[in-house]
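Residue numbers (my numbering), protein chains in the order written: chain A, 1 to 123; chain B, 1001 to 1480; chain C, 2001 to 2103. Where a beta carbon is used, it is the ideal one built from N, C-alpha and C, also for glycine.
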Amino acid sequence: MLGNFGYIGIFLISALGFAIFMVLIPPILRRSGIVPKKPNPTKSSTYECGMETVGKSWVQFNFRYYFFALLFVIFDIQVVFLYPWAVAFKQLKLFGLLEMLAFFLILVVGFIYAWRKGVLEWK
Amino acid sequence: MNLYLLAPEISLCALALVVILLDLFIGRKWILGAVSIAGLIVPAAFTIALWGTNETSFNGMLVVDQFSLFFNLFFLVSTALVLLSSTEYASKFAAFRGEYYALVLLAAMGMMLMASTRELISIYIALELTGISLYALTGFLKDPKSSEAGLKYLLLGAVASAVLLYGMALVFGLTGTTHLEGIKAAISAEGLLASPALLMGIVLLVAGFGFKIATVPFQMWVPDVYEGAPTPITAYLSVASKAAGFAVILRVFYEALGPVSLDWSIIFAVLAAITMTLGNVVAIWQTNIKRMLGYSSIAQAGYLMIGLATVSALEPGAIGSSGPSALVFFLACYALTNLGAFIAIIAISNKIDSDEISDYSGMARRAPLLSLALALCLISLIGIPPTAGFMAKIYIFSAAVDYGLIWLVIVAVINTVISAYYYLRVIRVMFLGAPLSEERVPSSGALRAALSFACLGVLVLGIYPWVLLRIAEAAVRMFP
Amino acid sequence: MAIALEHFLILSAILFSIGLYGVLAKRNAVAILMSIELMLNAVNIALVAFWRYVAPTLLTGQVFVIFIMVVAAAEVAVGLAIIIAIYRSRETVDAEQIDLMKW
């Protein structure tokens, strides 16, 4: 059992070494003169491709995001039940299928409810 | 798998879905209340049709016996009374009536499942189905007080269910099964009687279920939640949710943990004494009637727990039935009484828009019948004849005496005397105080129907309790 | 040294205690919800460990864990909805300031 931890140790050390190595490459290349120093405005910007941030990044998100997130979480987590059902589908036969349909019917009622109440619209 | 055994629950679920869909597609919202109340007839009819069966289904997870059918009817009747008393109150949240009715129905379905399952996973699911519906209902008014009550109820409820789950995990780990009969067999077979880990699991289970029935030290949510929640939901919490807690405790502790009854019955005896004393003493200082009834319901849970404690005097493993049957009978009497009191309060507060006891001054002249009904229910809560509360107390006290719990009965009697003070104070304010205005307090037909049913029940059970007593005895007969 | 049942149970007990401490000590309502999640996950660890070491032939332990996860998600969704309602009316989610009612 202890031997198994040996592999984890090797993995940890090599991962750490790789990360340190990647950080050290640019300064080493610079010092050794392999890479020339030619700064220009585009090169020294924060993102060479992408948008500069406007204002602080600690902004509050719109309330609407939370409703979408809540809805997503509810429907997302129900999918957990689908995996065991799918694995055992052949043994469960028709009864399993019908039970899953009943389960989905209830979820669909919830979905219709959210839809009609306008939760899915961005106002 | 016999789906017919599950028919009451399935029809109730279908009813809730129909109410949600109707709410989306029709304009006249009063129909929703009518459909919800009338629709309850279907599960009730299935329950009565199933009366007398004693079968299990779904791999022993679902059990249909006298006990579960009795509680099915119990929950359906109290749900009907709560819905009747909500019809007028629902104007406070006119846009969300459909959700309100549907959530009440789903909570009722959870409670019915709680009484009729024999397996820890299903118990947890049923408990949470009830719990989550009630959290949402508690915060339903969306004013600061109601949301605060909802948040407190949810946070404490979630902690309680985590503790309960930890206890369930321990019991599962020790016995290797989640079926109550399997647990019982494993406890006897594997010599777990003196296992400290099992004792730990039992304590955690008591803590988790204790939250549902609001026993000390898990009672702190009660006053805040009762005050902040919509009043019909307060009534629902104090009656149906509590009864469901007791039903599931009876199931789990008598069916699975019977062999170690010495361990848990003494816990319940001590908790009963502390719970009733704390509830009654703190109730004396309350000025808000919903808060006062909250503490009163804590005290009543204390009396009810006497029924759980009545096994301690027996041999280990031997369990008598007069304690459980007294408990079930007490629950029915308490339910009618407390629902009656809350319906009267709903009717009065719809008009005067206040829950302060001082605002009830001279109510007997403004609403004579409502005040009389409220007085009757309060007298029944004290336990004065000829009301249901008197019979319930006599029966549960005599069960305790039979099992040698004299000290607990003495504590309970002293508590009854203390409780008379604050109940009678409300009656004095209503009948002897000067009216704050001459305006009459009218009430709707639905409220009057519900209130008459409750008061009639209180009187009938106080004078002629024998029929219900027989049913209560039949309901608990299947406990070994 | 082999990893045995008791190691998982100790881990689960520690996680449960950390969660309970968080519930009692944290002031932000969202942080309290997160602590409750920690308690539930501690229970999940205990259940899976018990399943593996005590009753590996039954799937009870795993099924229990799936149900706990789903129910916990529903609970958190309702909790966050109530917190949003409180935040709208009061501009705070600090548990110590949510104190309109006290005995």
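Counted within 10 angstroms of its Cβ, other Cβ atoms place residue i as buried (16 or more) or exposed
i	result
Asn-40 (chain A)	exposed
Ala-1197 (chain B)	exposed
Met-51 (chain A)	exposed
Lys-1393 (chain B)	buried
Glu-1055 (chain B)	exposed
Val-108 (chain A)	exposed
Ser-1241 (chain B)	buried
Met-1276 (chain B)	buried
Phe-5 (chain A)	exposed
Cys-49 (chain A)	exposed
Trp-58 (chain A)	exposed
Phe-68 (chain A)	exposed
Pro-1232 (chain B)	buried
Asn-2041 (chain C)	buried
Thr-1117 (chain B)	buried
Asp-1065 (chain B)	buried
Ala-1341 (chain B)	buried
Thr-1215 (chain B)	buried
Val-2065 (chain C)	buried
His-2007 (chain C)	exposed
Ser-1398 (chain B)	exposed
Endpoints, the beta strand (DSSP E) within which residue i is located
i	result
Glu-1055 (chain B)	1055–1057
Val-1441 (chain B)	Counting along the chain, Val-1441 (chain B) falls outside any beta strand (DSSP E), and DSSP gives it neither H nor E.
Val-54 (chain A)	First-last for Val-54 (chain A): undefined, no H or E at that position.
Phe-1409 (chain B)	The residue you asked about is not Phe; residue 1409 (chain B) is Val in the sequence shown. Not the beta strand (DSSP E): Val-1409 (chain B) falls in the alpha helix (DSSP H), residues 1406–1432.
Segment limits, alpha helix (DSSP H) that includes residue i
i	result
Leu-1012 (chain B)	1007–1025
Val-1281 (chain B)	1261–1283
Leu-1120 (chain B)	1120–1138
Leu-1369 (chain B)	1368–1382
Val-79 (chain A)	Neither: Val-79 (chain A) is in no alpha helix (DSSP H) and is coded neither H nor E.
Gly-118 (chain A)	Premise fails: Gly-118 (chain A) is in no alpha helix (DSSP H) and is neither H nor E.
Ile-2006 (chain C)	Reading the sequence as shown, one finds Glu at residue 2006 (chain C) and not Ile. 2005–2025 is the extent of the alpha helix (DSSP H) around Glu-2006 (chain C).
Glu-1099 (chain B)	1097–1115
Thr-1047 (chain B)	1041–1050
Lys-1242 (chain B)	1242–1250
Coil, strand or helix - residue i by DSSP
i	result
Asp-1143 (chain B)	coil
Val-1476 (chain B)	helix
Val-1063 (chain B)	strand
Glu-1227 (chain B)	helix
Gln-2094 (chain C)	The question names Gln, yet the displayed sequence has Asp at residue 2094 (chain C). Note: Asp-2094 (chain C) maps to strand in three-state DSSP.
Asn-1288 (chain B)	strand
Ala-1338 (chain B)	Contrary to the premise, residue 1338 (chain B) reads as Asn rather than Ala in this sequence. In this structure, Asn-1338 (chain B) counts as helix in the three-state DSSP scheme.
Thr-1178 (chain B)	coil
Glu-2075 (chain C)	helix
Thr-1387 (chain B)	coil
Thr-1215 (chain B)	coil
Asn-1072 (chain B)	helix
Asn-2041 (chain C)	helix
Asn-1350 (chain B)	helix
Ser-1195 (chain B)	coil
Met-195 (chain A)	This structure cannot settle anything about residue 195 (chain A), because the visible part of chain A is limited to 1 through 123.
Met-1493 (chain B)	Outside the shown range of chain B, which is 1001 to 1480, sits residue 1493 (chain B), and nothing can be said about it.
Val-35 (chain A)	coil
Lys-1029 (chain B)	coil
Cys-49 (chain A)	coil
Ala-88 (chain A)	coil
Val-41 (chain A)	Looking at the sequence provided, one finds Pro at residue 41 (chain A) rather than Val. Looking at Pro-41 (chain A) - three-state DSSP - the assignment turns out to be coil, as it is neither helix nor strand.
Asn-4 (chain A)	helix
Val-2054 (chain C)	coil
Pro-1435 (chain B)	coil
Leu-1257 (chain B)	coil
Thr-1310 (chain B)	coil
Gly-1362 (chain B)	coil
Pro-26 (chain A)	helix
Tyr-1403 (chain B)	coil
Residues bridged to residue i (per DSSP)
i	result
Glu-1356 (chain B)	B:Asn-1288
Asn-2028 (chain C)	C:Asp-2094
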